[in-house]
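Those protein sequences? They're chains A and B, same order as listed. In terms of the working numbering, the first sequence opens at residue 1 and continues consecutively. In terms of the working numbering, the second sequence opens at residue 1 and continues consecutively.
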Amino acid sequence: MVVQFDILRKEKKAEKQYTQSIRYEYENPNESVANALRQINRRQERKDIKGNPVSVIKWECSCLQKKCGACAMLINGKPGLACDARLAAYKTETIRLAPLRKFPVVEDLIVDRSILYENLKEMEAWLAGQPELREQGYEAAYEGSRCLQCGCCLEICPNFYAGGNFFGMASMVPVARILEELNENDRKSLIKEYKKHIYSGCGKSLACRNICPAQIDIEGLLLNSNALSVWKAGLRRHGGV
Amino acid sequence: MEKINIIGAGLAGLSAAITLAEGGYESNLISLQYSERAQSVLAEGGINAALDTMGEGDTVNEHYEDTMKGGGMLANPVAVRRLTKNAPDTVLWLKSLGVPFYQENGTIILRNFGGQKKKRTAYAKSSTGKVIMNALIDGARKYEKKGLIRRYPHHEFIKLLLSKPADGQKICRGVQIKDRYSDSILKLYGIVILASGGMNGVFPGMTTGTTQNSGEVTATIFAQGVALSNLEMLQYHPTTIGISGKRCLVTEAARGEGGRLYVVRNGRPWYFMEEKYPVLKNLMPRDIVSREMYLTVREKECEQQVYLDMTGLKDKVWEHKLSDLRNEILYYRKLDPKNTPIPVEPGIHYFMGGIHTDEYHRTNIDGVYAAGECTSLYHGANRLGGNSMLGAVYGGKTAAMHIMKNAEEKGHDFAEKTKEESMESYRAESMESLGEESMEAPAEASEEFVSALGNILYDGLGIVRNEGRLKFAMGKVSQLEAACHNDREKNRILLAKAMLNSAIIRKESRGAHYREDYPDRQDEYYRKITLARYEEQQLEVDFVQIQGDPGISSE
Ligand SMILES: Cc1cc2nc3c(=O)[nH]c(=O)nc-3n(C[C@H](O)[C@H](O)[C@H](O)COP(=O)(O)OP(=O)(O)OC[C@H]3O[C@@H](n4cnc5c(N)ncnc54)[C@H](O)[C@@H]3O)c2cc1C
Ligand code: SF4
Ligand code: SF4
Ligand code: FES
């Protein structure tokens with residue numbers, strides 16, 4: 001089988017991005033974009049379709065099994081994990097690879113996602129007191145522990161931009177775990193932050209839910225956290241009361 | 001006092017940073033990528049501690065004995081005593097940081113895991129590593145905001161900054177790192193804790209771990225004079241499947257719940273483990289299962305592939321206990337393990353050997369500590385499932401505690417100093433050059449070279465070893481050495497030779513090290529550590545005595 005990658009590239013110190021097209025042959029029906037990039041980078045001679053030399057394609061990866069969020073990028077325009085994207089699943093003859101657009105591009109497919117971490121710091125997202133994990137809160141605490149900080153949900157969200165006041169689901173998910181484990185008193189200041197940076201800015205279209213590569217129950221956590229911080233506790237999804 | 005520099009932001013690095021911050025000490029937390037990307041997030045099964053919540057009368061002593069015996073009596077007994085004694089407090093510390101371990105009425109529920117006789121493993125579904133990491137990341141954030149922990153999250157370790165006074169003992173003054181985003185090189189002064197994980201990149205594509213753990217740190221510091229030990233001890237997990245670019249773990253729970261291994265012999269399935277080991281059957285320790293798989297596919301009339309048959313498991317088990325595993329296999333293999341046996345092979349899963357430390361996690365060089373999977377301390381010749389996360393969390397903590405205790409004894413006034421140092425001036429200071437040292441980043445080892453070396457080592461250091469194959473591999477490594485382009489490649493050659501040499505001189509079989517030419521264990525000669533050193537351009541691998549009395553018979 002053969003596919004053409006159109007890769008949007010950028011040198012480190014350069015401003016301008018450019019596209020390079022590379023032909024790639026493969027046999028394994030499960031071949032992923034991640035492995036294709038590894039194989040291309042391993043070639044002794046890398047050439048584009050016109051025969052021009054191609055430098056090593058820079059991208060980030062770590063686990064290669066959908067569990068670390070490192071390899072998020074735009075694949076045919078849609079945010080996803082390169083190690084989760086099967087070449088055979090794309091019906092097109094070319095597959096376009098580009099860096100996520102909401103974050104500054106470092107080089108090629110690598111973006112600087114530090115805003116995710118800055119936002120959580122800004123919200124002071126940590127346990128201020130001793131955790132009080134009630135049995136009915138277990139599922140939510142577990143689910144809220146699963147975020148990869150990959151940024152796919154932010155990429156798709158119409159309301160998020162880096163540096164803006166709305167922090168998106170990449171902040172909501174970890175905060176949901178903390179809210180669940182804090183007692184009512186210790187929860188107060190985080191609730192304030194939650195209202196300011198998550199509740200008030202979210203249009204609730206839930207485009208983010210379908211894109212999350214970890215398939216986190218974003219809707220459930222959102223309802224749960226909204227219930228804990230804004231509405232009446234009786235409306236909680238996870239565990240109920 | 002300068003900040004403490006921690007290389008690696010997985011379980012060991014985070015645990016060290018938080019412990020230091022709790023004591024009011026500042027640290028730099030340096031990693032190639034953010035903590036969410038560290039290998040620790042992949043850990044599934046759980047973490048061990050004799051909390052004895054299941055009414056089985058479990059004790060610290062039994063945890064100690066299981067760990068020592070599982071490790072072929074090669075681990076440091078003093079360190080293992082401390083590890084197992086402090087395991088319950090370590091797990092409770094994690095709980096206090098908010099880790100949602102599975103609990104009933106506030107009590108942590110333990111499960112059977114890793115070949116231990118009693119229920120001793122705390123867990124959270126099949127994502128124990130992920131939930132622990134998440135709580136530690138949130139816990140560290142508090143101190144990041146206060147400035148007690150400073151992250152360098154896309155930074156690569158370059159080398160230790162060593163000085164050598166007249167008396168000849170090397171001292172570590174700090175560490176040189178490179179920002180992979182801006183390419184700038186920084187020097188950070190102060191004590192160093194290495195927490196850089198296992199040496200996956202020595203065997204590229206052949207391990208269950210991450211690509212991030214390239215083995216570069218271990219190779220570099222070895223060439224700089226930090227001693228390594230027990231390098232021949234590699235754990236092969238019996239059940240992994242090859243996926244695009246790596247090996248994916250099929251959890252032990254698959255066999256725990258009734259999965260059976262077979263090969264096709266004369267056209268029919270032969271459940272070889274059940275026949276050869278009628279009592280424990282498919283649940284024999286990892287090294288034995290892996291070895292039997294290796295030997296069985298080489299027997300007469302047997303086909304080359306081992307299968308894991310889970311078709312007999314009840315619907316309830318699939319639903320409640322193995323749903324993640326089923327989804328994974330469906331995803332990667334397009335096979336439903338509920339209806340079809342799946343082909344499995346052993347794969348490299350854990351490095352018992354690594355940086356040699358004492359029970360306080362000090363290396364042979366003053367000012368350098370090491371913790372987590374990059375070290376060799378608690379697991380001897382084989383590691384029990386669930387003990388490595390414990391070793392990483394407790395190890396990071398222990399290194400941090402020792403640094404603080406030492407500092408207090410020396411009477412430094414840290415609080416004063418930390419206030420003075422603003423981030424900006426610190427940055428300027430760390431940019432200042434140390435005289436003549438190079439501020440250039442070294443050239444990287446080529447992928448081609450790394451994979452050629454990996455293949456040679458894999459052939460030599462397989463599940464079943466012998467002198468001939470090991471020496472053949474050594475010869476190949478020497479050939480490859482001639483084609484070395486740069487220092488990083490040379491360092492990798494050194495590490496490779498040290499690994500092979502350790503396996504060559506251990507003329508016995510123990511734990512994960514199985515020599516078909518010396519199939520028996522020889523306590524009299526070989527209940528010793530293989531210690532590898534590189535000094536004055538000389539590579540040496542020798543046996544050294546294990547300090548401390550294990551207090552139990554080795555049978
Ligand atoms: C699939 C799988 C399942 C497992 N299941 C279990 C289990 O159930 N129970 C258990 O106890 N153990 C388990 N383990 C083992 C356990 O997860 C690891 O041993 C442990 O998490 C290691 O933690 P660590 O902090 O030492 O290293 P890691 O988490 O590997 O972190 C290493 C850190 O070092 C950094 N680093 C590496 N190289 C460099 C460099 N050159 N420059 C700068 N930084 C660098 C990385 O960025 C990373 O932050 C499992 C392992 C795997 C792979
Ligand atoms: S629900 Fe809509 S607005 Fe809210 S985070 Fe998701 S995509 Fe953004
Ligand atoms: S919520 Fe999902 S999509 Fe968003 S950062 Fe976390 S894992 Fe990624
Ligand atoms: S490499 Fe970890 S999610 Fe793709």
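Each residue gets a CB set at the ideal place from its N, CA and C atoms; glycine is no exception.
Straight-line gap, residue i to residue j (C-alpha atoms, nearest Å)
| i | j | result |
| --- | --- | --- |
| Asn-30 (chain A) | Leu-325 (chain B) | 18 angstroms |
| Pro-204 (chain B) | Gly-462 (chain B) | 14 angstroms |
| Ile-137 (chain B) | Val-368 (chain B) | 24 angstroms |
| Gly-353 (chain B) | Ala-381 (chain B) | 8 angstroms |
| Thr-19 (chain B) | Gly-70 (chain B) | 29 angstroms |
| Glu-135 (chain A) | Arg-286 (chain B) | 35 angstroms |
| Ser-509 (chain B) | His-237 (chain B) | 18 angstroms |
| Val-99 (chain B) | Lys-85 (chain B) | 21 angstroms |
| Met-1 (chain A) | Gly-72 (chain B) | 49 angstroms |
| Leu-29 (chain B) | Leu-377 (chain B) | 23 angstroms |
Coarse secondary structure for residue i, derived from DSSP in three states
| i | result |
| --- | --- |
| Ser-163 (chain B) | strand |
| Glu-420 (chain B) | Reliability of the predicted coordinates at Glu-420 (chain B) is poor, the pLDDT of 44 falling under 50, and the value obtained from them is presented with this limitation in mind. The answer is helix: DSSP assigns Glu-420 (chain B) an H, G or I state. |
| Ile-6 (chain B) | strand |
| Phe-543 (chain B) | strand |
| Ile-75 (chain A) | strand |
| Ile-463 (chain B) | coil |
| Thr-218 (chain B) | helix |
| Phe-157 (chain B) | strand |
| Asn-41 (chain A) | helix |
| Phe-351 (chain B) | strand |
| Arg-101 (chain A) | coil |
| Leu-228 (chain B) | strand |
Cβ-heavy atom distance, residue i to ligand 1, below 7 angstroms
| i | result |
| --- | --- |
| Phe-157 (chain B) | yes |
| Val-175 (chain B) | no |
| Thr-90 (chain B) | no |
| Val-217 (chain B) | yes |
| Ile-47 (chain B) | yes |
is_contact[residue i, chain B] using C-beta, thresh 8 angstroms
| i | result |
| --- | --- |
| Asp-112 (chain A) | yes |
| Cys-208 (chain A) | no |
| Gln-17 (chain A) | no |
| Ser-62 (chain A) | yes |
| Gln-20 (chain A) | no |
| Tyr-138 (chain A) | yes |
| Ser-55 (chain A) | no |
| Glu-181 (chain A) | yes |
| Gln-130 (chain A) | yes |
| Val-241 (chain A) | Bear in mind that a pLDDT of 31 at Val-241 (chain A), under 50, signals an unreliable position, so the model cannot answer this. |
| Ser-200 (chain A) | no |
Residue i beta carbon near ligand 3 (any heavy atom closer than 7 angstroms)
| i | result |
| --- | --- |
| Leu-148 (chain A) | yes |
| Cys-153 (chain A) | yes |
Cβ shell of residue i (< 7 angstroms), same chain only, five flanking positions each side left out
| i | result |
| --- | --- |
| Lys-276 (chain B) | Glu-292 |
Neighbourhood of residue i by C-beta distance below 6 angstroms, restricted to the same chain and skipping five residues each side
| i | result |
| --- | --- |
| Asn-364 (chain B) | Ala-227 |
| Gly-201 (chain B) | Ser-214, Gly-215 |
| Asp-542 (chain B) | Leu-531 |
Residue i CB to nearest heavy atom of ligand 2 below 7 angstroms
| i | result |
| --- | --- |
| Ala-207 (chain A) | yes |
| Asn-159 (chain A) | yes |
| Lys-316 (chain B) | no |
| Lys-10 (chain A) | no |
Residue i Cβ short of 7 angstroms to ligand 4 heavy atom set
| i | result |
| --- | --- |
| Gly-205 (chain B) | no |
| Ser-35 (chain B) | no |
| Ser-62 (chain A) | yes |
Interface flag, residue i vs chain A, CB-CB below 8 angstroms
| i | result |
| --- | --- |
| Ile-329 (chain B) | no |
| Asp-183 (chain B) | yes |
| Ile-243 (chain B) | yes |
| Ala-124 (chain B) | yes |
| Thr-375 (chain B) | no |
| Tyr-332 (chain B) | yes |
Cβ-based neighbour list, residue i, same chain, cut-off 8 angstroms, excluding 5 preceding and 5 following
| i | result |
| --- | --- |
| Cys-248 (chain B) | Thr-208, Thr-240, Ile-241, Gly-242, Glu-328, Tyr-332 |
| Glu-524 (chain B) | none |
Cβ-heavy atom distance, residue i to ligand 6, below 7 angstroms
| i | result |
| --- | --- |
| Ile-7 (chain A) | In terms of ligand content, the structure shown lacks ligand 6 and carries ligand 1, ligand 2, ligand 3 and ligand 4 instead. |
Neighbour flag for residue i against chain E, beta carbons, 8 angstroms
| i | result |
| --- | --- |
| Pro-213 (chain A) | Here the protein chains are A and B, and chain E is not one of them. |
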